[in-house]
Every structure is written in structure tokens, then in C-alpha cells.
Amino acid sequence: MRAKYVLSEVLVGLWRNLTMTIAMIVTMAVSLTMVGASYVGFKQVGQMEDFYYAKLEVSVFLVDTITEDQRSGLDSQLRADPLIREVLYESKDLAYANFKRIFSDAPDLVNSVKPGDLPESFRLKLKDPTQFGEVFTRYNGTPGIDQIVDQRNLLDRIFKIFDTFQLIILVVAGIMAFAALLLVGNMIQVAAFNKRREVAVMKLVGASNWFIQAPFVLEAVFAGIAGALIAFGLMAASKAFLIDGDLSSLTEYLTVVKWSTIFWTLPIMLGVGTFVSSVTAWVTLRFYLRV
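Start counting the sequence shown at 0; every next residue gets the next number (numbering that gives the first Met the number 0).
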């Protein structure tokens with residue numbers, strides 16, 4: 000009987016403040032979508048770091064005046080180095096062939112470069128990409144070497160841009176979450192004001208604080224759950240129609256967003272939405288509802 004009464008009061012309260020309920024659900028949905036997007040972003044950046052760092056190469060460019068003995072000795076030294084997993088020698092002709100393949104869409108640029116203009120080099124794959132500093136110190140200044148370049152420096156700059164976008168998403172999510180908190184608090188205050196006489200009577204007949212507060216808290220929890228479900232629907236739709244649709248061509252450069260990652264956003268958003276709405280409702284009741 001008590002559960003039936005509480006449920007009926009929740010439904011009546013939601014319908015009585017329908018406009019505010021819709022506004023709160025929409026705000027919760029937007030803020031939780033940002034939370035879900037942040038989670039997916041962090042997961043993808045981590046996967047991309049693992050994916051690209053595993054493919055990183057250290058380029059050891061050689062001077063044009065290097066002798067055959069210097070080249071042979073350097074090749075043997077690199078292959079025997081315990082920090083290096085793989086060594087690939089790139090001659091001038093091979094470097095030019097790769098250059099033409101990479102810049103095939105820019106014929107003017109290709110025609111402006113001659114085979115002899117590109118330096119020969121050794122392409123190194125390290126067992127641990129973070130040990131570039133040790134490799135650089137060991138070989139920098141070696142006769143025959145002109146320059147040592149670590150591709151990780153470029154990737155670090157790219158990932159810093161990704162981190163900035165993640166931070167922006169988190170800030171927007173925080174702002175929307177604050178707006179949701181205000182809406183939850185306002186809805187609870189309005190509902191408590193409309194039922195102030197009923198609350199007073201219930202208190203006089205000995206109703207417990209929990210029994211009086213339960214309908215208000217459940218109204219807020221309902222809005223949080225509804226917002227989380229809508230947010231998950233938006234995440235799933237983005238995956239199906241945007242990521243796997245219009246942006247599918249970018250998978251050549253970006254790691255694929257897995258459905259398992261999208262599904263994990265549902266419990267996260269449900270947990271955040273339920274916790275935020277219930278705690279906000281409870282705190283609001285403590286301040287504005289004298290029971």
C-alpha cells in the first residue's frame with residue numbers, strides 16, 4: 000500500500016510540473032551525453048596512443064658524404080642494440096619512391112624534388128618508444144649521422160590537441176550538470192511548496208521523514224534515468240549513423256570506436272544521472288522542506 004501511494008505521488012508530481020520535468024530531462028540528457036562523449040574520447044585517445052606509439056619510428060638521417068664502411072658499421076651497431084626491435088635501411092632511391100607515393104596527389108611537389116635530394120636513412124622501431132632519449136644520446140654525433148628524428152614529438156602535439164578537446168567537453172558537461180542541479184532543486188522546491196499542506200498533515204499523523212521525502216526524490220531520480228536513456232540513445236545513434244556512416248572514412252587515421260565502449264556509457268550515465276539527481280533532491284529537501 001505504501002509503495003503504491005509513493006508511486007502514485009511520483010506520477011502526480013511529474014505530471015503536475017510537466018514543463019519543468021521535460022526541461023530537467025532534456026538538460027540531464029544533454030549533460031550526460033557530454034559525460035558519455037568524454038568517456039568515449041578518453042578511451043579512444045588511449046587506444047590511439049597505444050596504436051600509433053607501437054608504429055612509431057625513429058629516423059636516423061645520414062650525411063651525403065657517409066662512406067660505405069661508416070654505413071656498414073652503423074648498420075651492425077644498430078641491429079645489435081638491445082633497445083632497437085627493428086632496423087630498416089632506406090636508400091635515396093627508396094626514399095624518393097616513398098615520397099612519390101605519399102605525395103602522389105601533389106604532382107608539382109613531386110616534380111620539384113629529384114631522387115638525389117632526399118637523404119638516405121635508417122628507420123628504427125624501438126622495443127620501448129619512451130626510450131628514445133637513450134637512443135638519441137647513444138648515437139647523436141656518430142660519424143655519418145646528420146640528424147635523429149623521433150616521430151613521437153609530432154604525435155605528442157596531436158594528442159595534446161585531443162586532450163584540449165576532451166577538456167572542453169568536460170567543461171561543457173560540468174556547466175550542463177550545474178544547470179541540471181539547479182533545475183532539480185527548483186523542481187523539488189516547487190513540488191514541496193505545492194504539497195506543503197499534505198506534508199504537514201502527514202507529519203502530524205506520524206509519517207516518517209523517509210516516507211514523506213521518497214516521492215520527491217523519486218521524481219528527480221526518474222528525470223535522471225530518463226535523461227540517461229535519452230543520452231545513451233544519442234550516443235548509439237551517433238555511433239551508427241555518424242561514426243560508422245559519414246565519418247567511416249576516417250578509420251584509416253583514427254582507431255575504430257567499438258560498440259562495447261558505447262554500451263559502457265549506459266551504466267556510467269545511469270549512475271551519474273541517478274546519483275546527481277537523488278543527492279540534489281535530498282539536499283534540497285533538507286533545506287527547503289521542514290519535516
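All residues carry an ideal CB built from backbone N, CA and C; glycine is no exception. Note that the structure is predicted; figures quoted are calculated from it, not measured.
> Between which two residues does the beta strand (DSSP E) carrying Gln146 extend?
Replying inline: 144-149
> What is the DSSP secondary structure of Lys42, counted as helix, strand or coil?
Replying inline: helix
> Do the segment 55-66 and the segment 136-151 touch if we need at least three Cβ pairs shorter than 8 Å?
Replying inline: yes
> If you count every other CB in all the chains shown that lies within 10 Å of the CB of Tyr4, and 16 or more means buried, which is it?
Replying inline: For Tyr4, the predicted structure reports a pLDDT of 49, less than 50, and the residue's modelled location is therefore unreliable. A value from the coordinates is still provided. Exposed.
> Which residues in the same chain have their Cβ closer than 8 Å to the Cβ of Val112, if we skip the five residues on either side of it in sequence?
Replying inline: Tyr95, Phe98
>> With distance defined between alpha-carbon atoms, name the residue in Thr64, Phe164, Val39, Asp104 nearest to Gly293.
In response: Lying before the first or after the last residue shown, residue 293 is absent from the chain, which here runs from 0 to 290.
>> The beta strand (DSSP E) that contains Val86, what's its start and end?
In response: 83-89
> Relative to the C-alpha of Glu295, which residue among Gly40, Phe274, Glu67 is closest?
Replying inline: The requested residue 295 is not part of the displayed model; the chain covers only 0 to 290.
>> Pop quiz: Ala179 and Met33 are said to be a contact at Cβ under 8 Å. What is the actual Cβ separation, rounded to whole angstroms?
In response: Not really, about 11 Å apart at Cβ, beyond 8 Å.
> For the beta strand (DSSP E) that contains Phe121, what are its first and last residues?
Replying inline: 120-125
>> Per DSSP, what are the beta-bridge partners of Ser58 in this structure?
In response: Arg122, Val148
> Whose C-alpha, out of Gly272, Arg100, Gln165, is nearest the C-alpha of Phe27?
Replying inline: The sequence as given places Met at residue 27; Phe does not occur at that position. That would be Gly272, whose Cα lies nearest to the Cα of Met27.
> Pick from Phe131, Thr279, Val86, Trp263: whose alpha carbon is nearest that of Leu228?
Replying inline: Trp263
>> Taking the straight line between their C-alpha atoms, what separation do you get for Val290 and Ile160?
In response: Unreliable positioning characterises Val290 in this predicted model, as indicated by a pLDDT of 46, which lies under 50. The coordinate reading is nonetheless provided below. For Val290 and Ile160, the distance between alpha carbons rounds to 51 Å.
>> Between Leu169, Pro214, Pro81, which has its C-alpha nearest Ser276's C-alpha?
In response: Pro214
> Measuring CB to CB, does Leu31 end up less than 7 Å from Ala230?
Replying inline: yes
> Taking the alpha-carbon positions, what's the Gln130 to Met186 distance?
Replying inline: 57 Å
> Under a Cβ-count criterion, where at least 16 other Cβ atoms within 10 Å of its own Cβ denotes burial, should Thr283 be classed as buried or exposed?
Replying inline: buried
> Beta-carbon separation of Phe121 and Leu77 under 7 Å?
Replying inline: yes
> The alpha helix (DSSP H) spanning Val134 covers which residue range?
Replying inline: 131-138
>> Can you tell me whether Lys159 is helix, strand or coil according to DSSP?
In response: helix
> According to DSSP, is Ser30 helix, strand or coil?
Replying inline: helix
>> Taking the alpha helix (DSSP H) that Asp107 belongs to, which residues open and close that run?
In response: 106-110
> In chain order, what residues of the same chain lie with their CB nearer than 6 Å to the CB of Leu265, ignoring the 5 residues before and after it?
Replying inline: Phe231
>> Whole angstroms are fine: how far does the CA of Leu87 sit from the CA of Gly328?
In response: Outside the shown range of the chain (0 to 290) lies residue 328, about which nothing can therefore be said.
> What three-state label does DSSP hand Leu117 in the structure shown?
Replying inline: coil
> Looking only at C-alpha atoms, which of Gly173, Leu123, Pro106, Gln69 sits nearest to Arg84?
Replying inline: Leu123
>> So for Lys257, helix, strand or coil by DSSP?
In response: coil
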